[in-house]
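The structure under discussion appears below in the form of structure tokens.
Residue numbers (full-length UniProt numbering): 1 to 279.
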């Protein structure tokens, strides 16, 4: 079954029930294990429904860092970065089989897709496919990352509610070269608020908010907030359109009847256009 989330990428659901993984042995972890045995890396995008904040994306990145880092010393604060250049430099510093995390990955947004920084970033990611590094990039939504980097990613993990996320495997249509996602499993993870690495992530974000002289090469906090607000409004608009189209198509109400409702603030002509577009 194929679906498109509000403002999100195409998702193809399997015919069978999606497993809820509580002991971390599901299809996603099995695939990561095979990649490690083959000496391959994995690139993972971590987002939340409708670009929500405060639902545990960093908490999940911290948990996945602990589980997926199989070095002797394990996941540690020096494997976390908030600036893209520092994050990509970690590839040449950390041990093979490490997990690394980029906080606020939306700094590599699609509006700067032709920038020198994003070209360097995509080239670095493309070259680092055999160092057995598990890279986690935390960002509000997949639309906020440069398309070339998304093409290089392997998995998308989307937080639905705090403590619960859905894991997708990225696929590419070979003919159309379009990215779509297949659901692998649902993951429930424990609270990591007390870990040293999670506190490091929080400190990095607080320091970034306090930094009034952030480089022009990367996104400022005001731009970040504007992007989040834009993503939320777009998700709300899509939900509104789907609801109006459903009422118009599936009820006996005319477009004029719907437009006269007190909560509806658009014309009957616009309602008909929305219904036609949704159809």
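All residues carry an ideal CB built from backbone N, CA and C; glycine is no exception.
Using the beta-carbon count (16 or more within 10 Å), is residue i buried or exposed?
i: residue 20; result: exposed
i: residue 138; result: buried
i: residue 178; result: exposed
i: residue 150; result: buried
i: residue 254; result: exposed
i: residue 32; result: buried
i: residue 185; result: buried
i: residue 271; result: buried
i: residue 58; result: buried
i: residue 82; result: buried
i: residue 263; result: exposed
i: residue 93; result: exposed
i: residue 73; result: exposed
i: residue 239; result: exposed
i: residue 116; result: Only weak support is given to the placement of residue 116: the predicted model assigns it a pLDDT of 49, under 50, and the question is left unresolved by the model.
i: residue 227; result: buried
i: residue 209; result: exposed
i: residue 89; result: exposed
i: residue 206; result: exposed
Using only alpha-carbon positions, find the residue among the options that is nearest to residue i.
i: residue 168; options: 159, 40, 84 and 68; result: 159
i: residue 54; options: 27, 102 and 161; result: 161
i: residue 242; options: 136, 37 and 278; result: 278
i: residue 268; options: 170, 68, 31 and 256; result: 256
i: residue 50; options: 230, 172 and 263; result: 230
i: residue 106; options: 234, 141 and 100; result: 141
i: residue 68; options: 30, 258, 199 and 22; result: 30
i: residue 87; options: 136, 52, 206 and 48; result: 136
i: residue 245; options: 235, 258 and 47; result: 258
i: residue 163; options: 36, 108 and 48; result: 48
i: residue 236; options: 52, 108 and 194; result: 52
i: residue 26; options: 108, 173, 183 and 75; result: 183
i: residue 22; options: 265, 261 and 187; result: 187
i: residue 75; options: 24, 198, 261 and 191; result: 198
Looking at residue j and residue i, is the spacing between their C-beta atoms short of 8 Å?
i: residue 77; j: residue 196; result: yes
i: residue 131; j: residue 91; result: yes
i: residue 204; j: residue 97; result: no
i: residue 79; j: residue 65; result: yes
i: residue 28; j: residue 189; result: no
i: residue 153; j: residue 170; result: yes
i: residue 165; j: residue 45; result: no
i: residue 134; j: residue 42; result: yes
i: residue 156; j: residue 180; result: no
i: residue 252; j: residue 275; result: no
i: residue 38; j: residue 71; result: no
Bridge partners for residue i per DSSP, in chain order?
i: residue 187; result: 21 and 165
i: residue 247; result: BP columns for residue 247 are empty, so no partner.
i: residue 137; result: 45 and 102
i: residue 170; result: 181
i: residue 158; result: 47 and 166
Segments of 4+ residues assigned as alpha helix (DSSP H) that fall wholly inside the region 27-100: Listed in chain order, they are 27-37, 57-68 and 84-89.
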